[in-house]
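*Asks:*
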Amino acid sequence: MPRTTTAASVPKALRDAWLLAALEREKIVPPAALEALRKEAPEWVADAVVSKGLATAEQIVALAARAAHVPVADIASGDPAAVQFVPEAVARQYAALPLGASNRVVKIATANPLDLDAEQALGFVAGRQVVFQYAAPQALFKRFDEVYRPERPIERLVGGLATRAGVAGTDAAAPAAAPGGDAPAARLVEATLADAVRERASDIHFEPVEQGLVIRYRIDGVLKEVMRVPRSAAGSVVRRLKVLAKLDIADPLHPHEGRATARIEGKPWDLLVATAPVARYGEQVSVRLVDQTAPPPTLAALGLWPDEQARLERLLAHREGVVLVAGPRGSGKIVTLYAALDKVRAAGGVDAATVEDPVAYHLSGIRQADVDEKRGASFGAALRATLKEDVGTILLGEIRDGETAALAWQAALGGHLLLTAVRTNDLPSAVARLVSLGIEPPRIAAAAKGVITQRMVRRLCPRCAENADLGGLPQAAHPDRSFDRPVTIRKAKGCAQCGFSGFNGRLALQELLAVDGTVAELLASAAPAEKLAEAGRAAGMRTLWEAGLRRVWAGETTYEELVRVVGEPARAAAAVAPAPTAGQAAAVEAAAPAPAPVVLVADDDAAMRALFATILKPQGFAVAEAADGVEALEQAQRLAPAILLLDMEMPRLDGFGVLEALRRRLAGRAVPVIVVTVKDDAATEARCIELGAEDYLTKPIQPSSLVVRIRAVLRRVGAQASWPRS
Ligand SMILES: [Zn+2]
Numbered sequence: 041m042p043r044t045t046t047a048a049s050v051p052k053a054l055r056d057a058w059l060l061a062a063l064e065r066e067k068i069v070p071p072a073a074l075e076a077l078r079k080e081a082p083e084w085v086a087d088a089v090v091s092k093g094l095a096t097a098e099q100i101v102a103l104a105a106r107a108a109h110v111p112v113a114d115i116a117s118g119d120p121a122a123v124q125f126v127p128e129a130v131a132r133q134y135a136a137l138p139l140g141a142s143n144r145v146v147k148i149a150t151a152n153p154l155d156l157d158a159e160q161a162l163g164f165v166a167g168r169q170v171v172f173q174y175a176a177p178q179a180l181f182k183r184f185d186e187v188y189r190p191e192r193p194i195e196r197l198v199g200g201l202a203t204r205a206g207v208a209g210t211d212a213a214a215p216a217a218a219p220g221g222d223a224p225a226a227r228l229v230e231a232t233l234a235d236a237v238r239e240r241a242s243d244i245h246f247e248p249v250e251q252g253l254v255i256r257y258r259i260d261g262v263l264k265e266v267m268r269v270p271r272s273a274a275g276s277v278v279r280r281l282k283v284l285a286k287l288d289i290a291d292p293l294h295p296h297e298g299r300a301t302a303r304i305e306g307k308p309w310d311l312l313v314a315t316a317p318v319a320r321y322g323e324q325v326s327v328r329l330v331d332q333t334a335p336p337p338t339l340a341a342l343g344l345w346p347d348e349q350a351r352l353e354r355l356l357a358h359r360e361g362v363v364l365v366a367g368p369r370g371s372g373k374i375v376t377l378y379a380a381l382d383k384v385r386a387a388g389g390v391d392a393a394t395v396e397d398p399v400a401y402h403l404s405g406i407r408q409a410d411v412d413e414k415r416g417a418s419f420g421a422a423l424r425a426t427l428k429e430d431v432g433t434i435l436l437g438e439i440r441d442g443e444t445a446a447l448a449w450q451a452a453l454g455g456h457l458l459l460t461a462v463r464t465n466d467l468p469s470a471v472a473r474l475v476s477l478g479i480e481p482p483r484i485a486a487a488a489k490g491v492i493t494q495r496m497v498r499r500l501c502p503r504c505a506e507n508a509d510l511g512g513l514p515q516a517a518h519p520d521r522s523f524d525r526p527v528t529i530r531k532a533k534g535c536a537q538c539g540f541s542g543f544n545g546r547l548a549l550q551e552l553l554a555v556d557g558t559v560a561e562l563l564a565s566a567a568p569a570e571k572l573a574e575a576g577r578a579a580g581m582r583t584l585w586e587a588g589l590r591r592v593w594a595g596e597t598t599y600e601e602l603v604r605v606v607g608e609p610a611r612a613a614a615a616v617a618p619a620p621t622a623g624q625a626a627a628v629e630a631a632a633p634a635p636a637p638v639v640l641v642a643d644d645d646a647a648m649r650a651l652f653a654t655i656l657k658p659q660g661f662a663v664a665e666a667a668d669g670v671e672a673l674e675q676a677q678r679l680a681p682a683i684l685l686l687d688m689e690m691p692r693l694d695g696f697g698v699l700e701a702l703r704r705r706l707a708g709r710a711v712p713v714i715v716v717t718v719k720d721d722a723a724t725e726a727r728c729i730e731l732g733a734e735d736y737l738t739k740p741i742q743p744s745s746l747v748v749r750i751r752a753v754l755r756r757v758g759a760q761a762s763w764p765r766s
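Start counting the sequence shown at 41; every next residue gets the next number (my numbering).
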């Protein structure tokens, strides 16, 4: 059954018909008026009763909540960040607004708490158990406009441009005015750029969907939809963006990358523009906004606490070796590298250079190599050229290939200090990545001075954050005795200052493993991750989760934000799966060991596949791999895996193709699929679910939640398979 229903299939009359009976029972409305209401069949009885003056809004809300046996919702005090758990279209369809969420439960205000279908659908999209409260439909729909659709219709956005003089191209090669019919598109693009800058966005995404173009801003690391451009205008907006970046408008079938510069709000900005084809709907475009005048970050920009910063500074006192930052995309690795470089230079390490793709911050007086792999300037080549200059400290933006890894290690062991990063989730996967790139464990141990696993969480907006109760946190997340600051739990509210998100800016959480003698020995002998963690903790290391909890207790961020970014710690995740009773456990021990369920991982990125294997094998799964869609189908046929983890963007056959083929060819031998993709948009997700995917996860994945979701799907399909066939 398709999970998404079109608007037309939703009954548009008397959606809260159950309220009529309650009105009759409690004799609030005269029988004649009630009869008239029945005939009239408005979409919402609750709204109609109030607008006809038959009862007050408060009366109806109280009556409805009583009738449905749910509490009255206080929608104004909901956590605005909770809307991320339910896409706007789904929220509107079911008149359901998420107010808050914990690891397992999502609290939802709805005008229809008796709708079991809604409860099921909402629970599915939020991945949590639904707890309903009642709110009047009118109030809900008004709130949707506030939390989902920021108060910025296109007209106002474009209209404001004339007076604000937002954007002026500084690039002589880009035509100042677009030809003829594209002029409104050019104005829309300029207005969007200026608006995004005002909203502190780091990126703008233009994503084509069936109805047109969805525009989203990334603010403090979180995507926020700002508007939808009708289909008729979508093409010219994309064309305008490509013209700005001097990209080939005649070729929509291949990815393109380009740059432009523009004056926005009086300052010079770099626009890094990337396009990619999207099946059926055209091209998606992303624009990264880089403030050319922004000063390079210092350690203060990370928002570390004094004891944390002292640990980092001790690490940066080294003058040779490798300091490695690990984290997924958007975890602030480059900010930390620049802050570290700033510290090293201030302490006398002035002979420095950077090698990046692209240069993130312009520093005066040092060599900065810009990697451009398409033009043949690889990380390896740029690093080799930099090493010919006599520099002591090198900021190397990322290690992503064997050649760069080998050069970096050679330089570090030869007396250079390398500040660099790998795009992996945690310490064990960072080490695994280096090994897969050809750096043997003893060499890792010989050069590494420290590994910093990092995430960025959003900082509560100081203007609107509200005090909250310690009781809202799970017992395991309550402050322990070692916490020596005042406990001030706060929650997100939202105000004009923070774009109604409740958050403003970000701060870094770090898990810093300093490589001392003990840790070096463990690294060299490829000891298991737990041993490393143990040694690190003995030397004062805090996990990301622990570092984050301190920020929750100090009121700098929220528990929900910590869970969103870091994921639940393994203990909590394990508790989600029902623990076997003593009897069951004994039975399992007595029986012969069951074969490990096979997880087939289809992803064209070998490092990603290796990462999945690293996560899943210790959890008792066997892992098979496929490097593209065609291979995925072959393996699925041959191995009949318990589950398929499917990437969407793969060569030969993409994820949609695999889902379609599975549905057609392997009917009767259903392989449950979890889509794991970087595409975090509702349209793709809905399409995948329609095509039969069981679940949908966006990268970067949290190992604990991946395992929990896999187990959940296996439980679900396992239960279905064991039902008697009729
Ligand atoms: Zn605020």
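All C-beta atoms in this analysis are idealised placements derived from N, C-alpha and C, irrespective of residue type, glycine included. Bear in mind that the values here come from a model prediction, so they are computed numbers and not experimental data.
Between which residues of its own chain and Arg503 is the CB-CB distance below 6 Å, once the five residues before and five after are set aside?
*Replies:* Cys535, Gln537
*Asks:* Quick one: does the C-beta of Asn152 sit closer than 7 Å to a heavy atom of ligand 1?
*Replies:* no
*Asks:* I think Tyr188 touches Val112, with their Cβ atoms under 8 Å apart; what is that distance to the nearest whole Å?
*Replies:* In fact, because the Cβ distance is near 22 Å, the residues do not count as touching under 8 Å.
*Asks:* Pick helix, strand or coil for Ala647, following the three-state DSSP scheme.
*Replies:* helix
*Asks:* Alpha helix (DSSP H) containing Glu768: first to last residue?
*Replies:* Since the first residue shown for the chain is 41 and the last is 766, residue 768 is missing from the structure and cannot be characterised.
*Asks:* Could you have a look at Leu356 and say whether DSSP puts it in helix, strand or coil?
*Replies:* Here DSSP, grouped into helix, strand and coil, assigns Leu356 to coil.
*Asks:* Are the beta-carbon atoms belonging to Ala149 and Leu139 less than 8 Å from one another?
*Replies:* Less than 8 Å separates the beta-carbon of Ala149 from that of Leu139.
*Asks:* Among the residues of its own chain, which have a CB less than 7 Å from the CB of Asp509, if the five just before and after it don't count?
*Replies:* Ile529
*Asks:* Which whole-angstrom value describes the C-beta separation of Glu396 and Asp382, a residue pair presumed to lie in contact below a C-beta threshold of 8 Å?
*Replies:* Not really, about 15 Å apart at Cβ, beyond 8 Å.
*Asks:* Pull up the distance between the alpha-carbon of Tyr257 and that of Val277, whole angstroms please.
*Replies:* 16 Å
*Asks:* Measuring alpha carbon to alpha carbon, tell me which of Ala448, Pro346, Ser541 ends up nearest Pro120.
*Replies:* Ser541
*Asks:* Would you tell me roughly how many angstroms separate the C-alpha atoms of Lys52 and Glu83, rounded to the nearest one?
*Replies:* A straight line joining the alpha-carbon of Lys52 with that of Glu83 spans about 5 Å.
*Asks:* Can you give me the start and stop residues for the alpha helix (DSSP H) that Phe164 sits inside?
*Replies:* 156 to 166
*Asks:* Tell me, which residues are paired with Arg582 by DSSP?
*Replies:* In the DSSP output, where bridge partners are listed per residue, Arg582 has none listed.
*Asks:* Between the C-alpha atoms of Ser91 and Val146, what's the straight-line distance to the nearest angstrom?
*Replies:* Near 31 Å, if we compare the C-alpha coordinates of Val146 and Ser91.
*Asks:* Is the number of C-beta pairs between the stretch 713 to 721 and the stretch 677 to 687 that are closer than 8 Å three or more?
*Replies:* yes
*Asks:* If we call anything under 8 Å between Cβ atoms a contact, is Leu10 one with Ala726?
*Replies:* This structure gives no information on residue 10, because the portion of the chain shown stretches from 41 to 766.
*Asks:* So for Glu250, helix, strand or coil by DSSP?
*Replies:* coil
*Asks:* If you run the structure through DSSP and keep just helix, strand and coil, what is Val639?
*Replies:* strand
*Asks:* Spatial neighbours of Cys728 within its chain, please: CB distance less than 6 Å, with the 5 preceding and 5 following residues excluded, ordered by chain position.
*Replies:* Cβ contact annotation for Cys728 (same chain, cutoff 6 Å, sequence separation greater than five): Val715, Tyr736, in chain order.
*Asks:* Flag this pair as touching only if the stretch 584 to 598 and the stretch 237 to 255 have three or more C-beta atom pairs under 8 Å; answer yes or no.
*Replies:* no
*Asks:* Measuring alpha carbon to alpha carbon, tell me which of Val101, Asp441, Ala131, Ala532 ends up nearest Ala175.
*Replies:* Val101
*Asks:* From what residue to what residue does the beta strand (DSSP E) around Ala141 run?
*Replies:* 136 to 141
*Asks:* Check the DSSP bridge columns for Asp412 and list the partner residues they point to.
*Replies:* Ala417
*Asks:* Whole angstroms are fine: how far does the CA of Glu360 sit from the CA of Phe586?
*Replies:* One detail in the question is off: residue 586 reads as Glu in this sequence, not Phe. Roughly 30 Å between the two C-alpha positions.
*Asks:* Less than 8 Å separating the beta-carbons of Gly432 and Ala392?
*Replies:* yes
*Asks:* Residues in its own chain within less than 8 Å of Ala664 by CB, not counting five upstream and five downstream?
*Replies:* The beta carbon of Ala664 sits closer than 8 Å to those of Val638, Val639, Leu640, Val641, Gln675, Leu679, Pro681, all from its chain and outside the five residues before and after it, given in chain order.
*Asks:* Label Phe523 either buried or exposed according to how many other C-beta atoms from any shown protein chain fall within 10 Å of its C-beta, with 16 as the threshold for buried.
*Replies:* It counts as exposed.
*Asks:* Beta-carbon within less than 7 Å of Ser404's beta-carbon, same chain only, minus the 5 sequence neighbours each way: which residues are those?
*Replies:* none
*Asks:* Keeping to the same chain, check which residues put their C-beta closer than 6 Å to that of Val20; ignore five residues upstream and five downstream.
*Replies:* A question about residue 20 goes unanswered here, because the residues of the chain that appear run from 41 up to 766.
*Asks:* What is the DSSP secondary structure of Ala113, counted as helix, strand or coil?
*Replies:* coil
*Asks:* Can we count Asn143 as close to ligand 1, meaning its CB is less than 7 Å from some heavy atom?
*Replies:* no
*Asks:* Any contact between the stretch 648 to 658 and the stretch 463 to 477? By contact I mean 3 or more CB pairs, one from each, below 8 Å.
*Replies:* yes
*Asks:* Reducing DSSP to helix, strand and coil, say where Lys52 ends up.
*Replies:* The answer is coil: DSSP assigns Lys52 none of H, G, I, E or B.
*Asks:* What separation, rounded to the nearest whole angstrom, lies between the Cα atoms of Pro514 and Glu608?
*Replies:* The straight-line gap separating the alpha-carbon atoms of Pro514 and Glu608 is approximately 11 Å.
*Asks:* Using the C-alpha atoms, what's the distance from Asp235 back to Ile484?
*Replies:* Distance between the alpha carbons of Ile484 and Asp235: 46 Å.
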